[in-house]
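Enquirer:
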Amino acid sequence: MTVSSLTHPPFAHELLIAQLAVQRAALVTKRILASVNAAARITASPPTLSPSSSDLDTCASPASSPGDHTTTTRSSSISQYLHPTTAASSSYFPASTSPWTPLSPHSPSTSPPLPAAAAGDPQQQHEHHHQLLPQYSAAGEAEANANANEPPRRLSVAKRDASPVTVADLAAQALLVAALRAAFPADAVLGEEDASALRADPLLAARVWDLVDAARLEDEASERLLGPRPRDLAEMMALIEFGGGGGGGEGGGEGGGGGGGGGGGAMSAEEALAAGRRVWCLDPIDGTSAYMQGGQYAISLALLDCGREVVGVLGCPNWRFEEGLPAGQWRVREHAVDEDGMGLMLSAVRGQGATVRPMGPGVLREGRRLDRGRGKATVDLRDVHFVDSEKSPATLTEKVRELARLAGASHRGTNLYSSHVRYAAVVLGGREFVQLRWPKPEKGPWSIWDHAGSQLIYTESGAGKVTDLYGKPIDFTAGCKLSNNRGLITADESIHDQILALVDRMRNAEV
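If you're matching positions, the sequence shown starts at 18 in the working numbering and goes up one per residue.
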């Protein structure tokens with residue numbers, strides 16, 4: 018596809034930039050997986066895991082136990098590299114008795130402390146990190162050459178909620194925000210990550226910068242469309258902050274923007290959402306826990322305008338694109354991953370339909386239009402295929418089992434950890450695919466970036482309907498959280514009302 022061949026329907030430029038930005042971010046994530054797989058080939062193989070009676074793949078998330086695995090590939094061994102057991106690696110991560118022990122993302126930092134004068138000054142922190150960058154880059158290169166048989170080590174830290182964030186999350190967010198700021202400087206940006214971990218750990222910051230600095234699309238024209246890249250570590254951190262912790266403000270600052278609000282009294286991303294302005298919502302890696310175990314994950318980018326999704330792009334770098342596979346017959350398994358390619362991308366623009374295409378390292382490849390409505394409609398609830406996350410820390414999988422019992426269907430469907438990959442499974446699966454998400458009572462509202470964009474792709478792919486447990490449309494104007502909704506029903510329009518009626522029975526039984 019060449020730029021000159023593109024027509025210009027509404028949001029055509031936004032779609033193209035979003036697609037290329039997601040593809041470039043995918044390069045970063047796959048590069049890390051490739052390095053881990055390379056290390057796996059020269060180290061001991063992980064233990065052979067016996068399949069259970071189910072054919073489901075269960076992601077080894079922080080909530081999982083070693084016995085939960087059913088199948089695996091080489092990529093699954095990323096877990097053991099985030100749990101080094103050698104003495105040389107013990108300063109990075111605590112030793113683990115088994116490479117399959119669920120990840121504990123807490124780890125001591127080996128980075129020199131910040132100067133006392135810089136403790137409360139972000140600019141001095143940036144300067145401190147920038148001064149240390151050459152030292153750590155050189156040290157990292159020497160370490161890699163001296164210990165070629167050892168895997169990458171400092172790859173993750175813990176967020177305040179104890180969920181993990183990897184260098185790939187941070188690098189991907191920096192690259193996504195850089196493209197958006199260059200192309201649409203007046204738009205607000207709302208992302209999941211912030212740069213607090215990088216300010217506290219110069220070594221981690223150096224590794225993220227190395228990834229960002231090296232990430233380029235192979236097609237020069239496509240790379241140029243994404244605009245200027247961050248020039249140094251400080252600018253990279255400003256880009257991450259602009260998109261994180263509540264979102265970058267509308268039109269704030271120059272170049273990388275002002276961290277976390279745009280500065281100068283600019284409207285925050287949450288305020289821009291409430292005001293109906295244009296806001297880009299991104300999740301650099303959805304399903305980080307699955308990513309760290311070599312499973313399915315997604316890179317999500319959505320444009321909200323007047324509180325509505327108008328552009329959605331979803332990259333699934335570990336889901337192999339299968340040329341010629343008929344619509345409605347796509348299937349995904351947690352650990353059946355695309356090790357040789359870059360997976361697939363789903364895209365949609367409101368009113369213009371949805372497409373699926375293979376991702377690659379350079380020019381955007383041709384897409385195939387999706388039309389779920391042409392498939393056979395599901396009229397018997399006994400045929401429903403449920404897409405669930407049995408290890409989700411946020412939802413009640415027993416409610417899916419209860420709904421399956423009421424419908425006379427089996428709840429043993431597709432089990433995936435990543436929220437956006439579950440949406441993709443419903444998009445590419447048959448019209449019988451249904452997703453029910455029932456929040457745990459103790460959990461607060463869900464984050465907007467776990468849903469924006471994918472819901473548009475689902476409805477634009479044909480015959481899909483998305484509501485909360487009360488049948489209300491999802492409200493994207495409330496800020497970072499979907500606080501005006503509870504739960505989720507994603508189902509074909511031919512059966513959505515029947516599913517909702519059963520959910521009503523379940524809700525009434527709780528009273």
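The beta carbon of each residue, even a glycine, is placed where N, CA and C say it ideally should be.
1) Quick one, which of Leu433, Arg422, Pro26, Val373 has its alpha-carbon nearest Asp400's?
2) Closest to Val182 by C-alpha separation, out of Asp388, Gln346, Thr305, would be which residue?
3) Would you kindly report the start and end of the unbroken beta strand (DSSP E) that includes Val327?
4) Counting C-beta neighbours from all protein chains within 10 Å, is the total for Pro301 16 or more, i.e. buried, or is it exposed?
5) Is Val206 near the ligand HEM, judged by its Cβ being under 7 Å from some heavy atom?
6) How many angstroms separate the CA atom of Arg439 from the CA atom of Val330?
7) Is the beta carbon of Thr412 sitting closer than 8 Å to the one on Lys482?
8) Can you find at least 3 beta carbon pairs, one from the stretch 379-396 and one from the stretch 460-473, that sit closer than 8 Å?
9) Please state the DSSP three-state secondary structure of Leu318.
10) Going by DSSP, name the residue or residues bridged to His402.
11) By the three-class DSSP mapping on this structure, what secondary structure does Ser471 have?
12) Can you tell me which of Ser285, Ile516, Val404, Thr484 puts its alpha carbon nearest to the alpha carbon of Gln452?
13) Using three-state DSSP, classify Gly274 as helix, strand or coil.
14) Helix, strand or coil for Pro375, going by three-state DSSP, please let me know.
15) With distances taken between CB atoms, is the gap from Asn502 to Asp521 smaller than 8 Å?
16) Out of Leu37, Glu415, Ser317, state which residue places its alpha-carbon closest to the alpha-carbon of Glu326.
17) Among residues of its own chain, excluding the 5 on either side of Ser239, which ones have a beta-carbon nearer than 6 Å to its beta-carbon?
18) What is the DSSP secondary structure of Val349, reduced to helix, strand or coil?
19) Which one of Leu256, Val349, Arg233 has the shortest CA to CA distance from Leu207?
20) Taking DSSP as the reference, what is the three-state secondary structure of Asp227?
21) State the DSSP-derived secondary structure class of Leu32, mapped to helix, strand or coil.
22) Which whole-angstrom value describes the C-beta separation of Ala307 and Tyr475, a residue pair presumed to lie in contact below a C-beta threshold of 8 Å?
23) Does the stretch 363-373 come close enough to the stretch 41-60 to have 3 or more Cβ pairs within less than 8 Å?
24) DSSP state of Asp249, grouped into three classes?
25) Rank Arg386, Arg246, Leu220 by C-alpha distance to the C-alpha of Asp230 and give the top, closest one.
26) My assumption, with CB atoms under 8 Å, is that Gly488 sits in contact with Leu517. Please give the rounded CB distance.
27) According to DSSP, simplified to helix, strand and coil, what is Asn54?
28) Report the CB separation of Gly244 from Gln40 in whole angstroms; it is logged as a contact under 8 Å.
29) Can you tell me the Cβ-Cβ gap for Ile34 and Ala191, rounded? I've got them flagged as a contact below 8 Å.
30) So, helix, strand or coil for Val528, using DSSP?
31) Measuring straight from C-alpha to C-alpha, what distance separates Glu510 and Ser213?
32) Going by Cα to Cα distance, which pick from Glu31, His25, Leu44 is closest to Gly360?
33) Assuming Leu290 and Gly430 make a contact with CB atoms under 8 Å, what is their CB distance in whole Å?
34) Return the chain-ordered list of same chain residues with a C-beta closer than 7 Å to the C-beta of Ser427, the five sequence neighbours on each side being excluded.
35) From Cys323 to Ser52, what does the alpha carbon distance come to, in whole angstroms?
36) If you reduce the DSSP assignment to three classes, tell me which class Arg389 lands in.
Expert: Let's see:
1) When each option's Cα is compared against that of Asp400, the closest is Arg422.
2) The candidate whose alpha carbon is nearest that of Val182 is Thr305.
3) That run of the beta strand (DSSP E) goes 325-333.
4) Per the 10 Å Cβ criterion, buried.
5) Ligands in the displayed structure: none, and consequently the ligand HEM is not present.
6) Their backbone Cα atoms lie some 15 Å apart in a straight line.
7) Thr412 places its beta carbon 8 Å or farther from that of Lys482.
8) No: the two stretches stay apart, fewer than three of their Cβ pairs being nearer than 8 Å.
9) The answer is strand: DSSP assigns Leu318 an E or B state.
10) Among the bridge pairs identified by DSSP, His402 is matched with Phe450.
11) Helix at Ser471.
12) The shortest Cα separation from Gln452 among Ser285, Ile516, Val404, Thr484 belongs to Val404.
13) Reliability fails at Gly274, whose pLDDT of 34 lies under 50, so the model's placement of it is uncertain and the value that follows must be treated cautiously. Reduced to three states, the DSSP call for Gly274 is coil.
14) In the three-state reduction of the DSSP assignment, Pro375 falls in the strand class, which pools E and B.
15) Judged by beta-carbon spacing, Asp521 lies beyond the 8 Å limit of Asn502, meaning their Cβ atoms are not closer than that value.
16) Looking at the Cα atoms, Ser317 is the closest of the given residues.
17) Counting only Cβ-Cβ distances below 6 Å, and skipping sequence neighbours, we find Leu37, Val380.
18) If DSSP states are grouped into helix, strand and coil, Val349 belongs with coil.
19) Checked all of Leu256, Val349, Arg233; the closest Cα to Leu207 is Leu256.
20) Here DSSP, grouped into helix, strand and coil, assigns Asp227 to helix.
21) In the structure shown, the three-state DSSP call for Leu32 is helix.
22) Not quite, the Cβ-Cβ distance comes to about 20 Å (not below 8 Å), so this is no contact.
23) By the Cβ rule, the stretch 363-373 does not count as touching the stretch 41-60, because fewer than three pairs are nearer than 8 Å.
24) Reduced to three states, the DSSP call for Asp249 is coil.
25) From the listed residues Arg386, Arg246, Leu220, the smallest Cα separation to Asp230 is found for Arg246.
26) Indeed they touch by this definition, with Cβ atoms about 5 Å apart.
27) Three-state DSSP puts Asn54 in a helix.
28) Actually they do not touch by this definition, with Cβ atoms about 15 Å apart.
29) No, Ile34 and Ala191 are not in contact; Cβ-Cβ is about 16 Å, not under 8 Å.
30) Coil at Val528, not helix or strand.
31) CA-CA distance, Glu510 to Ser213, rounds to 43 Å.
32) When Glu31, His25, Leu44 are compared, the shortest CA-CA separation from Gly360 is found for Leu44.
33) Separation of the CB atoms of Leu290 and Gly430 is rounded to 33 Å, and the pair is thereby denied contact status at 8 Å.
34) Counting only residues of its own chain and dropping the five nearest sequence neighbours on each side, Ser427 has a CB closer than 7 Å to the CB of Ala421.
35) A direct Cα-Cα distance of roughly 42 Å separates Cys323 from Ser52.
36) The answer is helix: DSSP assigns Arg389 an H, G or I state.
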